[in-house]
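Under our numbering, the first residue of the sequence shown is numbered 34, with each subsequent residue one higher.
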Amino acid sequence: MPMALTHRLLDWYAGHARALPWRRAPGEPLPTDAYWPYRVWLSEIMLQQTTVEAVRPYFAAFTQRWPSVATLAAAEDAEVMHAWAGLGYYARARNLLACARTVATDHGGQFPATEAALRTLPGIGAYSAAAIAAFAFGQRAIVIDGNVERVITRLADIHTPLPAARLEIAATLETLTPDGLAAADFAQALMDLARSICTPRAPKCLVCPLRPECSATDPETLPVKPAKRARPVRHGTVWWLEAAGDVLTITRPPSGLLGGMAALPSSDWLESPVEATPPVRGNWRSFGRVFHGFTHFELQLDVAALFLPERPEVAGEWAGEWRPRASLASGLPTAFAKAVTRVLANTPATTEPA
């Protein structure tokens with residue numbers, strides 16, 4: 034029965050697979066392109082906590098600008114962080130560079146082909162190692178992401194809450210995953226099934242190829258997830274300092290949240306609102322507040338702006354780069370991009386000094 038289910042799913046996948054630039058067609062051999070493992074690895078890092086639709090333009094831009102792991106390894110940190118801006122979870126970008134440089138220097142520019150060796154590289158955990166081993170190298174691997182968790186907990190009617198349920202999910206997959214290159218097709222078939230049929234809400238069970246074996250009596254209740262904890266709120270101020278059409282930007286410290294990213298000057302983000310000291314003295318105007326959610330907390334940023342006829346002297350932590358206001362529409366992390374949008378939407382293209 035397990036192999037009959039597997040073959041039925043693979044047959045479904047052959048006719049319903051998504052065409053993605055980092056995915057080979059079902060049933061086809063591995064691409065002979067020497068850069069194929071690089072492209073698979075890049076896509077897997079980008080897809081962590083991010084949708085396919087959001088990743089597509091970033092993947093296209095990265096592979097055009099840095100077509101190989103060697104070219105990415107040689108890139109300037111600031112260039113890569115700027116290109117990553119807006120994709121979120123910025124530690125991934127720092128790990129991306131660290132991994133590329135490790136592959137270039139310690140592995141002769143070639144990604145290792147086994148899960149165990151891949152796990153030794155920066156930014157590659159259990160899921161990514163299995164996915165890269167399967168998708169890039171045709172290794173049999175048990176690939177488990179959130180989509181696979183949903184399909185398998187329903188198929189096997191697993192009510193153990195996540196993350197403990199992953200042991201049962203892995204055991205079920207061990208009986209279903211075929212050998213060789215078909216393992217990659219099987220994992221990607223589960224992902225596409227989760228996206229189009231075995232959806233979180235209102236799954237299309239009547240047309241599901243796994244329906245004959247599915248044990249779920251109430252699929253929308255699976256997988257069972259732990260209760261969500263309320264995320265704490267942090268508060269801060271972001272400052273828009275504009276002089277003669279140019280706006281001050283800084284580079285955040287290399288470590289910590291949004292490390293190494295270009296940003297607007299900002300106060301510390303604290304649990305309680307405090308009055309913060311801006312980069313320069315002046316008649317700062319309030320532009321309201323923007324909100325942004327990070328993994329572990331919600332951020333509330335008060336937006337303040339000051340418009341001057343010429344650039345003031347700034348030093349220390351505020352020393353940075355003056356950029357034309359129009360160029361700030363891209364290249365900043367989302368939290369700061371929201372502040373930029375608020376100021377641009379509420380001021381004319383040329384603002385009189387206040």
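We put the CB at the ideal spot given by N, CA and C, even for glycine.
{"Asked": "In its own chain, which residues sit with a C-beta less than 8 Å from the C-beta of A166, not counting the 5 before and 5 after it?", "Found": "A146, T147, E148, L151, Q172, A174"}
{"Asked": "So what does DSSP say about T282, is it helix, strand or coil?", "Found": "strand"}
{"Asked": "On the three-state DSSP scale, how would you describe V347?", "Found": "coil"}
{"Asked": "What separation, rounded to the nearest whole angstrom, lies between the Cα atoms of M114 and A126?", "Found": "6 Å"}
{"Asked": "Using the Cα positions of E246 and D218, report the straight-line distance between them to the nearest angstrom.", "Found": "20 Å"}
{"Asked": "Let me know if A263 comes out buried or exposed under the rule of 16 or more other beta-carbons within 10 Å of its beta-carbon.", "Found": "exposed"}
{"Asked": "Please state if the CB of A118 and the CB of A370 are separated by a distance shorter than 9 Å.", "Found": "yes"}
{"Asked": "Within the present structure, is the beta-carbon of S248 separated from the nearest heavy atom of the ligand MN by less than 8 Å?", "Found": "Judged by which ligands are present, the structure shown has none, so any question about the ligand MN falls away."}
{"Asked": "When the Cα of A337 is compared with those of A47, G293, L281, which residue comes out closest?", "Found": "L281"}
{"Asked": "Suppose you measure from the CA of Y46 to the CA of E207; what does that come to, to the nearest Å?", "Found": "19 Å"}
{"Asked": "Decide if the stretch 320-333 is in contact with the stretch 346-363; the criterion is three or more beta carbon pairs, one per stretch, under 8 Å apart.", "Found": "no"}
{"Asked": "Mind checking whether V176 and L297 have CB atoms under 9 Å apart?", "Found": "no"}
{"Asked": "Just the C-alpha distance for L341 and R375, rounded to the nearest angstrom, thanks.", "Found": "19 Å"}
{"Asked": "Please state the DSSP three-state secondary structure of L339.", "Found": "strand"}
{"Asked": "Would R89 and D225 be called neighbours here (beta carbons separated by less than 9 Å)?", "Found": "no"}
{"Asked": "Compare the beta carbon distance of G269 and S288 with 9 Å and say whether it is the shorter of the two.", "Found": "no"}
{"Asked": "Within 10 angstroms of its Cβ, does A162 collect 16 or more other Cβ (buried), or is it exposed?", "Found": "buried"}
{"Asked": "Identify whether R228 lies in helix, strand or coil by the three-state DSSP scheme.", "Found": "helix"}
{"Asked": "If you check the beta carbons only, do T83 and L120 fall under 9 Å apart?", "Found": "yes"}
{"Asked": "Report buried or exposed for S76, applying the criterion of at least 16 other Cβ atoms within 10 angstroms of its Cβ.", "Found": "buried"}
{"Asked": "For a test of the three-state rule: what should DSSP assign to G156, helix, strand or coil?", "Found": "coil"}
{"Asked": "F15 bridges to which residues according to DSSP?", "Found": "What is shown of the chain runs 34 to 387, which leaves residue 15 out entirely."}
{"Asked": "Once DSSP output is grouped into helix, strand and coil, what is the label at S76?", "Found": "helix"}
{"Asked": "Between which two residues does the alpha helix (DSSP H) carrying H40 extend?", "Found": "35-49"}
{"Asked": "Measure how close the beta-carbons of Y123 and G292 come, nearest whole angstrom, since I'm counting them as under 8 Å.", "Found": "7 Å"}
{"Asked": "Using the three-state DSSP reduction, which class does H268 fall into: helix, strand or coil?", "Found": "strand"}
{"Asked": "Any idea if V102 is buried or exposed, counting beta-carbon neighbours within 10 angstroms, 16 or more meaning buried?", "Found": "buried"}
{"Asked": "Classify V181: buried if its beta carbon has 16 or more other beta carbons within 10 angstroms, exposed otherwise.", "Found": "buried"}
{"Asked": "Which word fits P234, buried or exposed, when buried means at least 16 other C-beta atoms lie within 10 angstroms of its C-beta?", "Found": "The displayed chain sequence assigns Arg, not Pro, to residue 234. So R234 counts as exposed."}
{"Asked": "Extract the residue ranges of the alpha helix (DSSP H) inside the stretch 102-160, only unbroken runs of 4 or more that lie entirely within it.", "Found": "102-106, 110-117, 124-139, 148-151"}
{"Asked": "Identify the continuous alpha helix (DSSP H) that holds P90 and give its terminal residues.", "Found": "85-98"}
{"Asked": "Please name the residue in A215, L214, A216, C241 whose C-alpha comes closest to that of A227.", "Found": "C241"}
{"Asked": "Could you give the C-beta distance for P439 and W272, rounded to a whole number, given that I count them as a contact under 8 Å?", "Found": "The requested residue 439 is not part of the displayed model; the chain covers only 34 to 387."}
{"Asked": "Report back the beta-carbon spacing between R134 and A106 to the nearest angstrom; my notes put them in contact at under 8 Å.", "Found": "5 Å"}
{"Asked": "Quick one: give me the first and last residue of the alpha helix (DSSP H) that E207 is part of.", "Found": "199-209"}
{"Asked": "Hey, out of E275, P381, H325, A67, whose CA is closest to V347's CA?", "Found": "E275"}
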